[in-house]
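In the working numbering, the protein residues as written are 3 to 461.
Glycine is no exception: its CB is placed at the ideal position from the N, C-alpha and C atoms.
All values derive from a computational prediction rather than experimental measurement.
Taking it in order: structure first as structure tokens, then the write-up.
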Amino acid sequence: MQIVCTLSAPTFPASLKKRKRSFSGRILRWYIGGSREIMIERTLNPGEAASAADIQTALDEMAGTGGRLVLPAMELELDRGLRLHSGVTLCGQGESTILRKGPGRIYPLNGYHNYGMCDVPLCSTDGLDVGMTVSIHDNRTHGGFYETFATITWIDGDWVGLDQGIEADYSADQEPCLTTIYPLIFGHQIEQAAVRDLRLEGNRSKNAKAMGGCRGGAVYFYQSRNIEITDIYERDYFGEGLGFQMCLDVVIKDCRFDENTGNGLHPGAGSARALFENCSAEGNEKSGFFFCVRANYITVRDCTFKRNGTGLSIGTRDCYNLIEDCTMQDNRASGILIRRTPAPTEVHNCLIRDCDISGNGTERGEGQIQIEPAAHDISLVNNRITGHSGRMTAGVYTEDGVHDIYLDGNTFEHCRPNLATGPDSLTDHSPQIACGHDAAPNTAARHLGFSETGWEIKP
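Here's what the structure looks like:
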């Protein structure tokens, strides 16, 4: 993918010329056509990438022009998350570029503080610096959208300024605190950005609190569109591996998200038209893949989910999704769980085909595929379903209140029984399901409110 900025003026802007002179690594590649197109690429040397602040400065310099920032082979501990901008690609050298999260320190708030304030009072600010990314939460709201994620803008005594207002009232009796908990790489309200060829280490043993899945993950995007994430190997984060909320047209390919305390991959909160291809999630404490609320028109293809809590989990308003050619194996609960969601928020119109679902339910769960009410219009086609040798479960298990489940061409081995379904659960009629990232109608993303203006991507 080339990230292209089209200039309205026939000459380079002064800001671009100034940046060109300031670059000391391998600097710039451009081409000029009839529309004055420029593509900038900068490769940092180890001295220019000596800290997260240095890398962030280089990313910020590309905010107005777009471009590609390439990190050297190195191992670096981050004291803050790296914020991407529209039109910017951040690249490494594969597994030889290792970014490790720094320790998660806890700073108690000095009493009550109210919603919307762009600052917080702390008992101490020792060790904090302007530009660091932090979270604010308490033992009541931690984990939801009431958690605050922000960047420090100023420090004055024991007061810390933030680049956005806090998301909730924080009461003294709820033990509110600021923590140095953050995504390693993130983007808020951006488009046409990418992350490629990096190894990310979550360093959870040095972090006392988790990042809530609504506000962050090791890699995280919020209200963004046209994002690509490729060739990322991430592990050991105190929270989600990959998460995005209210995003459109996200492509995730050739990535691994392993051994996190949350879910491996977590598309959530109204996101649509996402493609996951040739990815894996292993050893995560929750699900390998977790569809959050209203994650629609998503394709999960050629992916592997092994030894997680649940293999793949689908829930509230998660509809029109396609799961194909995937492996769910040796997970502690079901290989595929369609979660309990009452009407009118139930799961429906999803197709699961050509998957290998085997050896799941090692500790809990009723079936290799477990479908809870009030799911309906789910198609299971040409899947290979194999039970666990030590703990026998059904191949497909449905609860009362599930209906119009269509089965065709599936094979079963070592399942007892193959089907544990109620009399009204199954149908002989194949539902006509238009699902997956490339089947979305024009109305599929209107709830996200994105405008149609922005950067242009050229192949």
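If you compare alpha carbons, which of the options is closest to residue i?
i: Glu-401; options: His-268, Ala-376, Met-394, Tyr-408; result: Ala-376
i: His-87; options: Gln-194, Gly-438, Ala-174; result: Gln-194
i: Arg-341; options: Phe-292, Arg-334, Asp-327; result: Phe-292
i: Leu-78; options: Leu-450, Glu-203, His-139; result: Glu-203
i: Arg-296; options: Gln-247, Asp-199, Asn-116; result: Gln-247
i: Val-72; options: Ser-53, Thr-99, Ala-55, Gly-83; result: Thr-99
i: Gly-411; options: Val-404, Asn-420, Asn-385, Leu-421; result: Asn-385
i: Gly-266; options: Leu-250, Asp-251, Ile-234; result: Ile-234
i: Gln-58; options: Gly-214, Asn-116, Val-132, Gly-106; result: Val-132
i: Ile-316; options: Gly-290, Glu-326, Val-349, Thr-301; result: Val-349
i: Ala-422; options: Ser-432, Ile-435, Leu-180, Val-404; result: Val-404
i: Gly-113; options: Arg-107, Glu-177, Asn-141; result: Glu-177
i: Tyr-408; options: Gly-424, Thr-395, Val-383, Gly-163; result: Val-383
i: Trp-161; options: Ser-173, Thr-127, Tyr-172, Phe-188; result: Thr-127
i: Tyr-222; options: Asp-332, Gly-104, Gly-243; result: Gly-243
i: Phe-240; options: Asn-116, Arg-201, Ile-183; result: Ile-183
i: Gln-434; options: Leu-428, Gly-290, His-139, Asn-351; result: Asn-351
i: Tyr-399; options: Glu-374, Arg-102, Asp-379, His-378; result: Glu-374
i: Met-41; options: Ala-396, Ser-53, Thr-67, Pro-48; result: Thr-67
i: Gly-369; options: Lys-211, Asn-333, Asp-379, Thr-343; result: Asn-333
i: Ala-447; options: Thr-343, Tyr-322, Pro-123, Gly-397; result: Tyr-322
So, for residue i: in the same chain, excluding its five sequence neighbours on each side, which residues have a beta-carbon less than 6 Å away from its beta-carbon?
i: His-190; result: Tyr-224
i: Thr-1; result: Since the displayed the chain opens at 3 and closes at 461, residue 1 lies outside it and no answer follows.
i: Glu-261; result: Arg-237, Asp-238, Gly-285
i: Gln-95; result: Ala-75
i: Arg-227; result: Glu-193, Leu-250, Asp-251, Phe-452
i: Ser-432; result: Tyr-408
i: Ser-173; result: Tyr-114
i: Arg-201; result: Glu-97, Ile-100, Tyr-235
i: Ile-187; result: Leu-84, Val-197, Val-221
i: Asp-199; result: Cys-93, Gly-94, Gly-96, Asp-233
i: His-139; result: Glu-149
i: Asp-165; result: Ala-152, Thr-153, Thr-155
So who's on the other strand from residue i, going by DSSP bridges?
i: Tyr-172; result: His-115
i: Ile-154; result: Leu-164
i: Asn-298; result: Ala-274
i: Gln-331; result: Lys-308, Ser-360
i: Phe-1; result: Past the edges of the chain, shown from 3 to 461, lies residue 1, and the structure says nothing about it.
i: Ser-109; result: Per the sequence presented here, residue 109 reads as Tyr, with Ser not at that position. DSSP lists Leu-180 as partners of Tyr-109.
i: His-87; result: His-87 pairs with nothing; no bridge assigned.
i: Val-132; result: Answer by DSSP bridge pairing: none, since Val-132 is not bridged.
i: Ser-137; result: Phe-151, Thr-181
i: Ile-42; result: According to DSSP, Ile-42 bridges with nothing at all.
i: Asp-255; result: Note that residue 255 is Lys in the sequence shown, not Asp. Thr-232, Glu-279, per the DSSP bridge assignment.
i: Gly-189; result: Phe-223
Can you give me the C-alpha to C-alpha distance between residue i and residue j, rounded to a whole angstrom?
i: Ile-459; j: Gly-218; result: Residue placement at Ile-459 cannot be trusted, given a pLDDT of 36 that sits under 50; what the coordinates show is reported in the next sentence. Cα to Cα, Ile-459 sits roughly 27 Å from Gly-218.
i: Leu-30; j: Asp-356; result: Confidence in Leu-30 is poor, its pLDDT being 49 and thus under 50, which makes the residue's placement unreliable; the coordinate value appears in the next sentence. Roughly 46 Å between the two C-alpha positions.
i: Gly-438; j: Asp-81; result: 38 Å
i: Gly-36; j: Ala-65; result: Since pLDDT at Gly-36 reaches only 43, below the 50 mark, its modelled position is unreliable, and no value is offered.
i: Tyr-299; j: Glu-50; result: 41 Å
i: Ala-335; j: Ala-60; result: 44 Å
i: Thr-445; j: Arg-275; result: 12 Å
i: Cys-328; j: Thr-91; result: 29 Å
i: Pro-185; j: Trp-156; result: 21 Å
i: Gly-392; j: Phe-307; result: 20 Å
i: Gly-272; j: Cys-294; result: 8 Å
i: Ile-371; j: Ile-354; result: 10 Å
i: Thr-318; j: Ala-345; result: 9 Å
i: Gly-451; j: Ala-442; result: 16 Å
i: Ser-137; j: Phe-147; result: 12 Å
i: Glu-63; j: Gly-69; result: 10 Å
i: Ala-170; j: Gly-270; result: 21 Å
i: Arg-258; j: Gly-159; result: 42 Å
i: Leu-46; j: Leu-277; result: 31 Å
i: Gly-89; j: Asn-420; result: 50 Å
i: Arg-44; j: Val-197; result: 15 Å
i: Cys-93; j: Lys-208; result: 26 Å
i: Leu-339; j: Val-253; result: 24 Å
i: Pro-425; j: Gly-367; result: 21 Å
i: Glu-326; j: Asp-121; result: 47 Å
i: Pro-105; j: Thr-395; result: 42 Å
In chain order, what residues of the same chain lie with their CB nearer than 8 Å to the CB of residue i, ignoring the 5 residues before and after it?
i: Glu-287; result: Asn-262, Thr-263, Gly-264, Asn-310, Gly-311
Starting from the C-beta of residue i, find all residues in its chain whose C-beta is less than 7 Å away, skip the five residues before and the five after it, and write them out in chain order.
i: Glu-279; result: Lys-255, Arg-303, Asp-304
i: Met-119; result: Gly-167, Ile-168
i: Asp-56; result: Glu-50
i: His-390; result: Gly-361, Asn-362, Gly-363, Thr-364
i: Gly-129; result: Arg-107
Are the C-beta of residue i and some C-beta of chain B separated by less than 8 Å?
i: Leu-71; result: Absent here is chain B; the protein component of the structure consists of one chain.
(request) Please specify which runs of the alpha helix (DSSP H), each continuous and at least 4 residues long, are wholly inside the region 193 to 242, giving them in chain order. (result) none
(request) Could you name each continuous beta strand (DSSP E) segment of 3 residues or more that falls completely within the region 336 to 422, going from the start of the chain to the end? (result) 338 to 340, 350 to 355, 358 to 360, 369 to 373, 378 to 383, 386 to 388, 396 to 400, 405 to 410, 413 to 415
(message) For a minimum of 4 consecutive residues, which ranges assigned as the alpha helix (DSSP H) are wholly contained in the region 50 to 99?
(response) 54 to 63
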